[in-house]
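From first to last, the protein sequence lines stand for chains A and B.
Using my numbering, read the first sequence as starting at 5 and increasing by one per residue.
Using my numbering, read the second sequence as starting at 5 and increasing by one per residue.
These notes are about the structure you will find just below.
2 protein chains.
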Amino acid sequence: MSNSNTLYSSAYSSAAAPLRIGIAGLGTVGGGVAKLLEQQGDLLAARCGRRIQVTAISARSRGKDRGVDLSAVRWHEDARALAADPEVDVVLELIGGSDGVAKELIEQAIKAGKPVVTANKALLALHGTALAKAAEQAGVILAYEAAVAGGIPVIKALREGLAANDVRRVYGILNGTCNYILSTMRESGREFADVLADAQKMGYAEADPSFDVDGIDAAHKLAILTSVAFGRELDFQGIHVEGIRHISALDLQFAEQLGYRIKLLGIAGRTDHGIEQRVHPCMIPLDAPIAHVEGVFNAVFAEGDSVGNVLLTGRGAGAGPTASAVVADLMDIARGHHAPVLGIPAERLAPGETAPMGRHRGAYYIRLMVHDQPGVIADVAAAFRDNEVSMESVLQQARDASEPVPVVITTHETEEAGMMRAIARIAALPAVQESPRLIRIEAL
Amino acid sequence: MSNSNTLYSSAYSSAAAPLRIGIAGLGTVGGGVAKLLEQQGDLLAARCGRRIQVTAISARSRGKDRGVDLSAVRWHEDARALAADPEVDVVLELIGGSDGVAKELIEQAIKAGKPVVTANKALLALHGTALAKAAEQAGVILAYEAAVAGGIPVIKALREGLAANDVRRVYGILNGTCNYILSTMRESGREFADVLADAQKMGYAEADPSFDVDGIDAAHKLAILTSVAFGRELDFQGIHVEGIRHISALDLQFAEQLGYRIKLLGIAGRTDHGIEQRVHPCMIPLDAPIAHVEGVFNAVFAEGDSVGNVLLTGRGAGAGPTASAVVADLMDIARGHHAPVLGIPAERLAPGETAPMGRHRGAYYIRLMVHDQPGVIADVAAAFRDNEVSMESVLQQARDASEPVPVVITTHETEEAGMMRAIARIAALPAVQESPRLIRIEAL
Chain A
5 MSNSNTLYSS
15 AYSSAAAPLR
25 IGIAGLGTVG
35 GGVAKLLEQQ
45 GDLLAARCGR
55 RIQVTAISAR
65 SRGKDRGVDL
75 SAVRWHEDAR
85 ALAADPEVDV
95 VLELIGGSDG
105 VAKELIEQAI
115 KAGKPVVTAN
125 KALLALHGTA
135 LAKAAEQAGV
145 ILAYEAAVAG
155 GIPVIKALRE
165 GLAANDVRRV
175 YGILNGTCNY
185 ILSTMRESGR
195 EFADVLADAQ
205 KMGYAEADPS
215 FDVDGIDAAH
225 KLAILTSVAF
235 GRELDFQGIH
245 VEGIRHISAL
255 DLQFAEQLGY
265 RIKLLGIAGR
275 TDHGIEQRVH
285 PCMIPLDAPI
295 AHVEGVFNAV
305 FAEGDSVGNV
315 LLTGRGAGAG
325 PTASAVVADL
335 MDIARGHHAP
345 VLGIPAERLA
355 PGETAPMGRH
365 RGAYYIRLMV
375 HDQPGVIADV
385 AAAFRDNEVS
395 MESVLQQARD
405 ASEPVPVVIT
415 THETEEAGMM
425 RAIARIAALP
435 AVQESPRLIR
445 IEAL
Chain B
5 MSNSNTLYSS
15 AYSSAAAPLR
25 IGIAGLGTVG
35 GGVAKLLEQQ
45 GDLLAARCGR
55 RIQVTAISAR
65 SRGKDRGVDL
75 SAVRWHEDAR
85 ALAADPEVDV
95 VLELIGGSDG
105 VAKELIEQAI
115 KAGKPVVTAN
125 KALLALHGTA
135 LAKAAEQAGV
145 ILAYEAAVAG
155 GIPVIKALRE
165 GLAANDVRRV
175 YGILNGTCNY
185 ILSTMRESGR
195 EFADVLADAQ
205 KMGYAEADPS
215 FDVDGIDAAH
225 KLAILTSVAF
235 GRELDFQGIH
245 VEGIRHISAL
255 DLQFAEQLGY
265 RIKLLGIAGR
275 TDHGIEQRVH
285 PCMIPLDAPI
295 AHVEGVFNAV
305 FAEGDSVGNV
315 LLTGRGAGAG
325 PTASAVVADL
335 MDIARGHHAP
345 VLGIPAERLA
355 PGETAPMGRH
365 RGAYYIRLMV
375 HDQPGVIADV
385 AAAFRDNEVS
395 MESVLQQARD
405 ASEPVPVVIT
415 THETEEAGMM
425 RAIARIAALP
435 AVQESPRLIR
445 IEAL
């Protein structure tokens with residue numbers, strides 16, 4: 005081994021030069037990273053053989069007290085200056101946004117030959133393939149553990165710990181806000197809008213919640229996971245995305261009755277039609293371990309041909325968990341670790357083509373609100389039959405001549421396209437009020 | 005960054021020399037590793053930048069068909085010869101046993117400057133500190149992901165993914181045989197001996213099961229986890245170890261009734277008296293995610309000061325999961341990754357002193373079999389009171405003049421030493437039949 009002889013003697017000697025970090029963006033996460041590096045400096049140095057030291061920062065308000073001494077640090081008005089700062093070895097991008105300064109900073113750091121650590125899932129979801137290629141051509145590390153599932157070391161697990169596996173499926177609870185809302189709705193029986201308003205008051209949801217509750221954030225993370233798990237270019241645009249706005253307390257009740265729990269999952273897997281990628285609410289059997297991941301926790305499941313099923317759970321957001329992941333990336337860089345950005349060299353990634361959602365196969369839960377009149381169920385059943393959808397159960401608990409009553413149908417495994425045709429026909433039936441609610445049942 | 009420029013250009017070029025592996029021991033795991041390296045050769049090379057190639061083997065029966073072509077491989081009668089074989093870059097020790105040939109092979113490989121990968125938890129539990137020191141002095145990697153929790157990348161998670169954290173507690177379901185037996189006992193209502201016999205028939209338990217069911221295997225793994233999590237020398241001897249032989253179907257019933265599930269856990273954590281290390285059956289609240297890890301699955305939980313709670317679950321044994329972990333170690337070596345064997349340089353590990361079990365604080369479940377006569381509960385209560393143990397609940401469901409009936413007591417948090425004195429006094433009461441059964445209640 006060429007590098008064995010000096011492995012510990014040089015890297016872990018006290019003489020090793022510190023790794024100098026430039027931080028762009030000093031919000032919750034950036035402040036958390038600076039504090040962690042200061043408070044745990046000795047422990048981190050013992051573990052990675054070098055001190056990790058913040059030498060430069062670009063952030064909006066210089067004066068703000070962040071509970072950490074930054075008096076000796078160089079400040080830059082323009083974050084992009086960090087790429088050129090000779091006292092910066094590694095650029096930490098915590099500005100956010102899928103374009104603009106964040107992207108320019110990363111591109112310039114790569115050009116300058118400086119390793120980059122980022123927590124920016126939106127940017128990676130949209131530009132990850134190009135950035136990976138640029139980084140590898142320049143021989144520069146681009147690390148992003150914090151971009152997916154916060155503090156859970158899931159990128160490391162997929163890219164290194166499970167690297168001996170051909171992964172067949174990867175899925176997860178990738179958005180803590182949605183999981184918190186769904187957990188709370190189930191426990192309290194309250195409706196979405198009500199729980200969302202509370203979550204916003206408590207800081208678990210943003211003022212503009214659409215990024216989270218419409219599934220976009222989860223889709224960004226899924227795009228990254230899919231690329232790393234299957235060795236493909238990212239294909240964010242190809243992901244079928246549904247959020248949780250249409251989930252009602254009634255559906256959560258029926259789910260429990262049927263032995264399921266409703267979770268927003270991001271799912272990617274090999275199918276006969278290629279890799280499928282989808283983000284939507286799912287009914288999960290109660291005996292699946294991921295059904296018990298509640299509140300703001302995230303979870304990522306991977307199925308490998310050798311290892312079988314592995315599930316990782318932990319906090320997906322927040323200053324502490326995100327800083328934990330960011331600093332782990334810095335420590336890998338301090339140790340000289342490197343692996344292809346997306347698992348295999350970016351030039352050799354397969355094209356990022358996602359299987360059409362119409363070819364998805366699975367079981368379905370459908371809830372209709374119908375005027376209880378003779379022949380309705382027969383019309384519904386005919387719509388399913390004509391589209392080759394096989395019903396598993398029909399549940400009509402209440403009868404009421406004056407108000408629409410819920411009819412809940414579950415189906416056997418069927419193709420999405422046929423299901424959508426059936427639903428369109430059912431939605432047009434005069435007795436059917438409201439849009440039919442459809443939730444996919446996942447056999448985990 | 006000194007190594008950035010050649011990062012991908014050299015390591016991931018087709019010209020990179022293969023990493024040549026010598027395997028000692030070709031049983032289930034060794035055969036699995038050889039097969040995995042052959043079948044996934046291209047994928048592994050894409051991921052780690054070099055081919056990994058088995059060039060030498062030492063195993064008992066050369067002729068046996070292992071489903072993989074080993075005709076071009078060099079065979080050694082004596083495993084120790086692998087250390088000296090010039091066509092071996094890395095030695096893979098899969099012989100097992102805490103001393104003898106396995107230990108000598110590893111020592112000789114280290115002396116020869118060759119990285120070692122092993123799945124040998126018994127050897128590491130007893131000699132891990134010395135081997136880590138020897139390896140680091142020689143500048144040689146000693147990797148052992150497969151030694152703890154099989155396919156779950158838990159060593160990587162602790163040593164790298166969560167390396168930014170000061171870990172406060174680590175615990176897990178570390179023995180799949182025990183977890184399978186306890187799960188099956190609970191589901192079927194059958195007794196330990198009966199379920200064990202079945203597990204032996206199905207190959208889930210060894211003919212001599214004591215290593216597993218008496219908690220020794222779990223303790224080996226806990227010793228390693230404790231060292232890595234807390235930066236201390238291994239202290240296997242200091243672990244308090246109890247197995248699952250004394251768990252009865254009755255206790256599993258009472259546990260469910262009280263809202264608990266019984267699991268054999270290995271637990272290590274910071275206390276006022278130092279690091280405690282213990283392996284014993286625990287009552288776990290049903291809302292703890294680890295309570296839902298059933299059958300042969302393992303799980304490891306870590307609590308870090310930044311990341312919070314992280315839980316990893318997966319298969320803890322078997323050819324596939326173990327080979328997955330072994331090959332991941334080989335890929336790290338192929339990539340040139342290295343980290344201190346036990347998380348920080350071995351010369352700087354704290355002494356491996358374990359807090360005395362008598363100082364452990366926790367809540368307890370006690371089941372007595374008593375002749376139902378006036379004054380028994382008063383005598384029991386007095387024994388607790390005199391030892392400053394505060395009872396939380398007393399349950400005496402059945403009354404029978406002719407046969408002993410179960411009395412179940414739970415206590416508030418108390419010190420183990422006082423509890424043991426109370427139990428000794430209670431055991432001596434004339435009305436108390438059988439030894440009192442004690443199971444610790446864990447507040448997870």
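We treat Cβ as the ideally placed atom computed from N, Cα and C, and that holds for glycine.
Assigned secondary structure, residue i (DSSP; H/G/I helix, E/B strand, else coil)
{"i": "Tyr148/A", "result": "coil"}
{"i": "Ile243/A", "result": "coil"}
{"i": "Asn7/A", "result": "Residue confidence for Asn7/A is low, a pLDDT of 40 falling below 50, so the modelled location carries little weight and cannot support an answer."}
{"i": "Ile99/A", "result": "coil"}
{"i": "Pro349/B", "result": "coil"}
{"i": "His224/A", "result": "helix"}
{"i": "Ser397/A", "result": "strand"}
{"i": "Ser14/A", "result": "Confidence is the limiting factor: at Ser14/A the pLDDT is only 44, short of 50, which leaves the residue's position unreliable, though a coordinate-based value still follows. Residue state, collapsed to three classes: coil."}
{"i": "Arg282/B", "result": "strand"}
{"i": "Met335/A", "result": "helix"}
{"i": "Gln57/A", "result": "strand"}
{"i": "Ser231/A", "result": "helix"}
{"i": "Glu307/B", "result": "strand"}
{"i": "Ala354/A", "result": "strand"}
{"i": "Ser252/A", "result": "coil"}
{"i": "Lys287/B", "result": "The sequence given here has Met at residue 287/B, not Lys. Strand."}
{"i": "Pro440/A", "result": "strand"}
{"i": "Ile266/A", "result": "strand"}
{"i": "Asn302/A", "result": "strand"}
Expected contact under 8 angstroms - CB spacing of residue i and residue j to nearest Å
{"i": "Ala28/B", "j": "Glu91/B", "result": "The pair is not a contact, with the Cβ atoms about 15 angstroms apart (cut-off 8 angstroms)."}
{"i": "Gly270/A", "j": "Leu226/A", "result": "3 angstroms"}
{"i": "Gly26/B", "j": "Ala323/B", "result": "Not quite, the Cβ-Cβ distance comes to about 19 angstroms (not below 8 angstroms), so this is no contact."}
{"i": "Leu40/B", "j": "Ala63/B", "result": "At roughly 17 angstroms, the Cβ-Cβ gap does not stay under 8 angstroms, so Leu40/B and Ala63/B are not in contact."}
{"i": "Ala136/A", "j": "Leu146/A", "result": "6 angstroms"}
Interface residues of chain A facing residue i [CB-CB closer than 8 angstroms]
{"i": "Ala332/B", "result": "Glu164, Gly165, Leu166, Ala167 and Ala168"}
{"i": "Asp336/B", "result": "Glu164"}
{"i": "Ser328/B", "result": "Leu166, Ala168, Asn169, Gly308, Ser310 and Val311"}
{"i": "Leu40/B", "result": "Ala168 and Ser310"}
7 angstroms CB neighbourhood of residue i in its chain, flanking five on each side removed
{"i": "Gly235/B", "result": "Gly347, Ile348, Leu353 and Ala354"}
{"i": "Tyr208/B", "result": "Thr181, Tyr184 and Val300"}
{"i": "Val77/B", "result": "Val58, Thr59, Ala60 and Ile61"}
{"i": "Ala338/A", "result": "Leu23, Cys52, Gly53, Arg54 and Ile56"}
{"i": "Ser8/B", "result": "Note on Ser8/B: pLDDT 40, under 50, position unreliable in the model; no value is reported."}
Contact list for residue i against chain A, beta-carbon separation under 7 angstroms
{"i": "His250/B", "result": "Under the 7 angstroms cutoff, chain A gives no residues; its nearest Cβ is about 28 angstroms from His250/B."}
Neighbourhood of residue i by C-beta, 6 angstroms cutoff - its chain only, sequence neighbours within 5 removed
{"i": "Val384/B", "result": "Ile430"}
{"i": "Val412/A", "result": "Phe258, Arg371 and Leu399"}
{"i": "Leu162/A", "result": "Val232 and Ala233"}
{"i": "Gly318/B", "result": "Gly155 and Ile156"}
Contacts around residue i, its chain only, beta-carbon distance under 8 angstroms, and the 5 residues preceding and following it disregarded
{"i": "Asp202/B", "result": "Thr188"}
{"i": "Met395/B", "result": "Ala385, Phe388, Ile413, Thr414, Thr415 and His416"}
{"i": "Ser13/A", "result": "Unreliable positioning characterises Ser13/A in this predicted model, as indicated by a pLDDT of 45, which lies under 50. A coordinate reading is not provided."}
{"i": "Val263/A", "result": "A quick correction: the sequence has Gly, not Val, at residue 263/A. Taken in chain order, the residues that qualify are Pro289 and Leu290."}
{"i": "Val380/B", "result": "Val374, Val411, Leu433, Ala435 and Val436"}
Proximal residues of chain B, C-beta to C-beta of residue i below 7 angstroms
{"i": "Ile348/A", "result": "Ala50 and Arg51"}
{"i": "Asn450/A", "result": "As displayed, chain A neither begins before 5 nor continues past 448, which places residue 450/A out of reach and without an answer."}
{"i": "Gln44/A", "result": "Ala168 and Asp170"}
Contacts of residue i in chain B (Cβ-Cβ under 9 angstroms)
{"i": "Leu146/A", "result": "Simply none; closest approach about 11 angstroms."}
{"i": "Val174/A", "result": "Correct list: empty, because the minimum Cβ distance to chain B is about 14 angstroms."}
Residues that residue i contacts on chain B, provided the C-beta gap is smaller than 8 angstroms
{"i": "Gly324/A", "result": "Asp309, Ser310, Val311 and Gly312"}
Proximal chain E residues relative to residue i, where beta-carbon distance stays under 9 angstroms
{"i": "Leu229/B", "result": "Although the question refers to chain E, the structure presented lacks it and instead comprises the protein chains A and B."}
Unbroken stretches of the alpha helix (DSSP H), 4 residues or longer, contained in the segment 398-437 of chain B: 420-431
Uninterrupted alpha helix (DSSP H) stretches inside the segment 59-112 of chain B (no shorter than 4 residues): Runs of the alpha helix (DSSP H) spanning 4 or more residues and lying entirely within the segment 59-112 of chain B occur at 85-88, in chain order.
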